[in-house]
Amino acid sequence: MSTSPSRIYLARLVGLPVFDPRGDQVAKVRDVVVALRSETSQPRVLGLVAEVFGRRRIFVPMTRVTNIDAGQVYTTGLLNMRRFEQRSTETLVIGQIIDRQVTITASDVVGLVYDVAMEQARNRDWVLSRVAIQEPTKGLRRRGQTHVAEWGEVSGLTRREPTQAATQLVHALNEMRPADAANMLHDLPPERRAAVVAALDDERLAELIEELPDEDQVEILGKLDSERAADVLQEMSPDDAADLIADLPADTAAILLALMEPDEAEDVRRLMSYVEDTAGAMMTPEPVILGPDATVADALAHVRSPELTPSLAALVYVCRPPLETPTGRFLGVAHIQRLLRESPSTLVAGALDGSMASLRPEATIDEVAAHLATYNLVAAPVVDENGLLLGAVTVDDLLDHMLPDNWRDQAVRRHQMEPRG
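Just so we're aligned, residue -2 is where the sequence shown starts under our numbering, counting upward by one.
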């Protein structure tokens, strides 16, 4: 390794880009692998867990890391693309050491590990050298007092805690994009995953579940108590919740639907009533719907919501009351690009695209794909035989249904291989 800093705190590595010698980004750092030996012996850093294109996690030996500096990691470029499998002798710093309860032996201070530093030893190996610890919050303080101690001055680092906290790990996950956080959650050891799931709030857990493979979704939901499982389902988009509930045993699905709010459960039941892989089954029943008397200013205020995906924010759907799906008579759509060119006081009804055809709920996945491609759309309305808006199909929904069931777990790039060091 060349000019890396002499001491590197490892929690700060998570998410950093990994570059090859040509300066091309090839991965992102997700964790650090170490060999724990004893309480007093500094663990050797074996390498990094990095995520490459296709969400595959690989092992990058420290011998292949040439530089860690200025918010980036450089490698020799020769990486093993085989999926990382943790060995029994290995420990993950982020997944298994962060949040561990430890004691500083000289002062009897007890706290949780919130970061660990590595340094290069005389033999050029990297070892864990310092431990950053935070005491529990006391009184009116927002955060407990922090300490940095030498590795050998701390006890409890090699003990596996069955109920290890998840405070710092949850904080790290909350800073990531949902897809990246879901991938880290997927790769955690079972006991750590359970602790993280318990610590996440319902809305964030719902976001991560939507990004996980089907089997992970069912496993996580199955380990929640029924009340919380229903709350999490309500936080999910109705189409994703419908897909997940359809994978559950019928009696479990019935219990959860009964515990959900009636309006939320009704949306899910309606989506489940359509044939799989049709416009009705893949649509969202919650696009941006406005009445004909709404102004451009009203429309722009709605599409600014950070909860909307870009594809849902691209169109405004104008209908007669009621404005909940299934709505009153569907009048048309207004494109956000068109609305941005109009005066804020202009009525949205005056900016409708009268040329756009609608999809019927029974439209097949191929028909939906052809419709979006033909009209260069990222979303399209789904309307029933009575002219009522049922929902909208987005390109995101389409891709989720067109890709293989296990697409989230597939690696889609091949690279030069070498045995794991």
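By construction, the Cβ of each residue, glycine as well, lies at the ideal position given by its N, Cα and C atoms.
(request) Flag this pair as yes or no: are the beta carbons of residue 355 and residue 318 separated by less than 8 Å? (result) no
(request) State whether the region 127 to 136 contacts the region 21 to 33, with contact taken as three or more CB pairs (one from each stretch) at a distance under 8 Å. (result) no
(message) By alpha-carbon positions, which one of 313, 372, 243, 384 ends up nearest to residue 326?
(response) 384
(message) Could you compute how far the alpha carbon of residue 344 sits from the alpha carbon of residue 196?
(response) 46 Å
(request) Whole angstroms is fine: what's the gap from residue 202's alpha carbon to residue 119's? (result) 44 Å
(request) Check whether the Cβ atoms of residue 360 and residue 332 sit closer than 8 Å, and answer yes or no. (result) no
(request) Measure from the alpha carbon of residue 389 to the alpha carbon of each residue in 306, 293, 110, then state which is nearest. (result) 306
(message) Let me check one thing: in DSSP terms, what residues is residue 69 bridge-paired to?
(response) 66
(request) Starting from the Cα of residue 13, find the closest Cα among 35, 64, 40, 276 and give me that residue. (result) 64
(message) Can you look up residue 45 in the DSSP assignment and give me helix, strand or coil?
(response) strand
(message) Cutting at 6 Å between CB atoms, please list the residues of its own chain near residue 241, excluding the five before and the five after it.
(response) 214
(request) May I ask you to verify whether the region 86 to 103 touches the region 176 to 192, counting CB pairs closer than 8 Å and requiring at least 3? (result) yes
(message) Quick check on residue 456: does DSSP put it in helix, strand or coil?
(response) The displayed coordinates of the chain run from -2 to 418. Any statement about residue 456 would go beyond what the structure contains.
(request) With a 10 Å radius around its C-beta and 16 neighbouring C-beta atoms as the bar for buried, classify residue 147 as buried or exposed. (result) exposed
(message) Quick check on the DSSP output: what are the complete beta strand (DSSP E) runs of length 3 or more inside the region 302 to 338, in order along the chain?
(response) 312 to 316, 327 to 332
(request) State the start and end residues of the unbroken alpha helix (DSSP H) segment that holds residue 217. (result) 211 to 219
(request) Quickly, what does DSSP pair residue 112 with across the bridge? List them, please. (result) 129
(message) Between the alpha carbons of residue 413 and residue 209, how many angstroms are there, rounded?
(response) Confidence is the limiting factor: at residue 413 the pLDDT is only 36, short of 50, which leaves the residue's position unreliable, though a coordinate-based value still follows. So the alpha carbons of these two residues sit roughly 28 Å apart.
(message) If you reduce the DSSP assignment to three classes, tell me which class residue 147 lands in.
(response) strand
(message) Suppose you measure from the CA of residue 411 to the CA of residue 277; what does that come to, to the nearest Å?
(response) At residue 411, the pLDDT of 35 sits below 50, so the modelled position is not reliable; the number obtained from the coordinates is stated separately. C-alpha separation (whole angstroms): 37 Å.
(request) May I ask you to report which of helix, strand or coil DSSP gives residue 390? (result) strand
(message) Short of 6 Å in beta carbon distance, which residues of its chain neighbour residue 228, apart from the five on each side in sequence? Order them along the chain.
(response) 199
(request) Specify the secondary structure class of residue 419 as computed by DSSP and reduced to three states. (result) Lying before the first or after the last residue shown, residue 419 is absent from the chain, which here runs from -2 to 418.
(message) I need the DSSP call for residue 119, collapsed to helix, strand or coil.
(response) coil
(message) Under 8 Å: do the region 230 to 249 and the region 260 to 277 share three or more Cβ pairs, one atom per stretch?
(response) yes
(request) Return helix, strand or coil for residue 375, following the three-state DSSP convention. (result) coil
(message) So for residue 27, helix, strand or coil by DSSP?
(response) strand
(request) Could you please give me the residues that DSSP links to residue 22 through a beta bridge? (result) 16
(request) Have a look at residue 291 and residue 346 and give me their C-alpha separation to the nearest angstrom. (result) 8 Å
(message) With a threshold of 8 Å between beta carbons, is residue 132 in contact with chain C?
(response) Checking the listed chains, one finds no chain C in this structure; it contains a single protein chain.
(message) Our contact map puts residue 144 next to residue 206 with C-beta atoms below 8 Å; I'd like the distance itself, whole angstroms only.
(response) Incorrect: roughly 36 Å between the Cβ atoms, too far for contact.
(message) Once the 5 residues before and after residue 194 are set aside, which same chain residues still bring their CB inside 7 Å of it?
(response) 202, 217
(request) Return the CA-CA distance between residue 365 and residue 19, expressed in angstroms with no decimal places. (result) 42 Å
(request) Hey, could you find the ends of the alpha helix (DSSP H) residue 175 is sitting in? (result) 175 to 184
(message) Suppose you measure from the CA of residue 283 to the CA of residue 190; what does that come to, to the nearest Å?
(response) 31 Å
(message) Could you tell me the alpha carbon to alpha carbon distance between residue 37 and residue 113, rounded to whole angstroms?
(response) 15 Å
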